[in-house]
Amino acid sequence: MVLLTLHWSLDGILILLSLMVAAYLFVTRKFNYWSKRGVKELAPTPFVGNFMDCLLSKKSAPQFLKDLYNYGRDLPLLGFYVFDKPYLLIRDPELAKHVLMKDFDYFADRYSTADEKNDRLGYANLFMMKNPGWKSLRPKLTPFFTPGKLKKMFDIMLPVADDFAKHLDSLHLEGEGKVIEFKDICANFTTDIIGRTAFGLKVGSLENPKVPFRECGRKIFDYDFHRSMEFLAIFFFPGLVKYLKPKFLGKEATKFFRSIFWDVIEQRVGSGQKRNDLIDMLIEMRDTYKNDESLKDYKFDGDDLVSQAAIFYIGGSETSASTMSFTLHELALNPDVQKTLRTEIQDALEKTGGKITYDMITTLPYLDMVISETLRKYPSIAYLDRVTLADYKVPNYDLVLEKDTPIFISTMGSHYDPRYFPNPEKYDPLRFTEEAKCARPSFAYLPFGEGPRVCIG
-15 MVLLTLHWSL DGILILLSLM VAAYLFVTRK FNYWSKRGVK ELAPTPFVGN
35 FMDCLLSKKS APQFLKDLYN YGRDLPLLGF YVFDKPYLLI RDPELAKHVL
85 MKDFDYFADR YSTADEKNDR LGYANLFMMK NPGWKSLRPK LTPFFTPGKL
135 KKMFDIMLPV ADDFAKHLDS LHLEGEGKVI EFKDICANFT TDIIGRTAFG
185 LKVGSLENPK VPFRECGRKI FDYDFHRSME FLAIFFFPGL VKYLKPKFLG
235 KEATKFFRSI FWDVIEQRVG SGQKRNDLID MLIEMRDTYK NDESLKDYKF
285 DGDDLVSQAA IFYIGGSETS ASTMSFTLHE LALNPDVQKT LRTEIQDALE
335 KTGGKITYDM ITTLPYLDMV ISETLRKYPS IAYLDRVTLA DYKVPNYDLV
385 LEKDTPIFIS TMGSHYDPRY FPNPEKYDPL RFTEEAKCAR PSFAYLPFGE
435 GPRVCIG
């Protein structure tokens, strides 16, 4: 063996140092990627880039991206690194419009991905689906969310709303000094709503918060260290997904949805009952499109079918519960807002003889402003992610984004930007009058995303 020196120990140290230098040079080789292209970047740390706080669970991904947004004040773009990979944060609403809508064909896929083979419930749902599968799937699901369908679902919701009112009465909330955790109560209510409207089930979460249907939703969003790492892998390290095999819904929830879905399907088909709900629609689609060769990377059967019911549950229960509870919280803190909203609702009820209807709800502009302001302060989707499907020349900039560049938009950052929302910590529904909305860039407010991949419901 050839020795570098006359001492084995010194040889070992030299070899180790050489390997360390080589590793350092390898992981930092891209760390001037953005500055070379004229884009300001956040100074990265070797081996981890700018992602250390997220890896150590010191920051959530939404907070990390919001902090990046604030760091890049007055900049349209900001480069950052996850490990050694260059990522781009879009801060300019006009550029966001190009990414999400005008130049959609270049950004038609999310950067995030679930395991295509081992996690079809995570991969094949409309939220996560890649193209060309997404393009063929979306139009087939859209009819479920027409105003006519929603109006029929509204009538199914009313008995659950009555149960909710009775439950609140049972808490004896009259008087002062009582502290109530409304997030759990709202989550129980929205779980019962989704169970009834989507699955045709009387779940009973309000009566028993520990029913399996409710526990399933709780576990999906139980952000312990393992779940945090699963979400980070799916949304920020999709290249590692096939090795780490994270589950978008978590292992237990995946098993539960698969079981409950096929039980409901079997019962529905066996009884011949029609409820015009999500299950009926999926049964119809399974029968209609089972031999449809136009569907790419997707089939209306097996876990691919279950995935649509699962994502509907997530989008309709936990996110709705969050919006409800934050709205109630803000109404408690802002009695003037509460009084104005209450007056509007009481006036509307007088016109309908005390009956809550779908048409009545659509005639409450202040309620719409209140919910819009809640979604500004507490957006269900805290950031949007896309990936370039081909090299893309950024409009009005001397910059070409290479294919496979991860693109992020911080919804939280934009929603708290004082340029668009002065005094952003203040809860003010009047930000959403027609005049106020017209006075700011349309893509500064993105509670449900925007463009062809906007939230379907």
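The opening residue of the sequence shown carries number -15 in our numbering; numbering runs sequentially from there.
Just so you know, even glycine gets a beta-carbon here, dropped at the ideal spot from N, CA and C.
Can you tell me whether residue i is helix, strand or coil according to DSSP?
i	result
Gly132	helix
Asp147	helix
Glu277	coil
Val32	coil
Tyr429	coil
Ile391	strand
Leu49	helix
Tyr227	helix
Pro70	strand
Asp58	coil
Lys377	strand
Val371	strand
Glu158	coil
Phe205	coil
Leu359	helix
Phe284	coil
Lys421	helix
Note down, in chain order, each residue of its chain lying with its Cβ closer than 6 Å to the Cβ of residue i, except the 5 sequence neighbours on either side.
i	result
Met(-15)	At Met(-15), the pLDDT of 49 sits below 50, so the modelled position is not reliable and the matter cannot be decided from this model.
Val66	Gly33, Phe35, Phe220
Tyr376	Tyr90, Leu385
Pro390	Tyr71, Tyr95, Val371
Glu25	Trp18, Ser19, Gly63
Asp87	none
Ile249	none
Leu1	none
Arg252	Ile263
Asp369	Arg94, Tyr95, Ser96, Phe392
Lys81	Phe427
Are the C-beta atoms of residue i and some chain B residue less than 8 Å apart?
i	result
Asp93	The structure shown has no chain B; it contains just one protein chain.
Between the Cα of residue i and the Cα atoms of the options, which residue gives the shortest distance?
i	options	result
Met213	Lys229, Cys200, Arg202, Glu199	Lys229
Lys361	Glu409, Leu73, Arg21	Glu409
Ala98	Asp352, Phe296, Lys226	Lys226
Leu359	Phe405, Arg242, Thr324, Phe310	Phe310
Thr238	Ile140, Asp103, Thr389, His82	Asp103
Phe416	Ala428, Val354, Asp401	Val354
Asn318	Glu357, Lys124, Gly300, Ile249	Glu357
Glu199	Tyr207, Asn172, Lys186, His210	Asn172
Lys124	Gly132, His82, Asp276, Pro143	Asp276
Leu152	Ala374, Ile169, Phe215	Ile169
Phe205	Gly159, Gly299, Cys422, Phe245	Gly299
Gly184	Pro131, His210, Ser255	Ser255
Arg437	Phe111, Pro143, Tyr207	Phe111
Phe148	Glu191, Gly22, Leu134, Lys133	Glu191
If we ignore side chains and look at the alpha-carbon of each, how far apart do residue i and residue j end up?
i	j	result
Gly223	Tyr381	29 Å
Ile(-3)	Phe31	21 Å
Gly338	Leu414	27 Å
Asp89	Asp146	45 Å
Leu312	Leu430	21 Å
Thr29	Ser41	17 Å
Thr324	Leu155	25 Å
Lys136	Glu334	23 Å
Arg403	Tyr411	16 Å
Met344	Phe405	30 Å
Phe427	Glu78	7 Å
Lys162	Leu84	45 Å
Arg424	Arg75	14 Å
Lys235	Thr336	47 Å
Tyr367	Lys231	20 Å
Ala316	Ile164	12 Å
Asp320	Leu73	38 Å
Asn407	Glu100	44 Å
Leu157	Pro349	28 Å
Pro127	Gly441	10 Å
For residue i, which residues in the same chain have their Cβ closer than 8 Å to its Cβ, ignoring the five residues on either side in sequence?
i	result
Tyr282	Ala108, Met113, Gly117, Ser120, Leu121, Asp288
Lys167	Ala305, Ser306, Ser309
Met141	Ile177, Arg180, Thr181
Lys14	Tyr65, Asp68, Lys69, Pro70
Phe241	Leu105, Cys200, Leu233, Val290, Ala293, Ala294, Tyr297
Can you give me the Cβ contacts of residue i inside the same chain, cut-off strictly under 7 Å, excluding the 5 residues immediately before and after it?
i	result
Ser364	Thr303, Ser306, Thr307, Pro431
Asn115	Ala92, Asp93
Lys274	Phe284, Asp285
Arg270	Phe284, Asp285, Leu289
Lys175	Sequence inspection shows Thr at residue 175; the Lys mentioned does not correspond to that position. So the qualifying residues of the chain are Val187, Ser189, Phe197, Arg198, Gly201, Ser301.
Gly435	Leu84, Met85, Phe88
Inset, instruction - Take every Cβ of the region 37 to 56, pair it with every Cβ of the region 394 to 413, and state whether three or more of those distances are shorter than 8 Å. - result: yes
Legend entry - At least three beta-carbon pairs within less than 8 Å, the region 312 to 331 to the region 194 to 213: no
Inset, instruction - Would you check if the region 289 to 302 and the region 259 to 269 touch, i.e. whether three or more CB-CB distances between them fall below 8 Å? - result: yes
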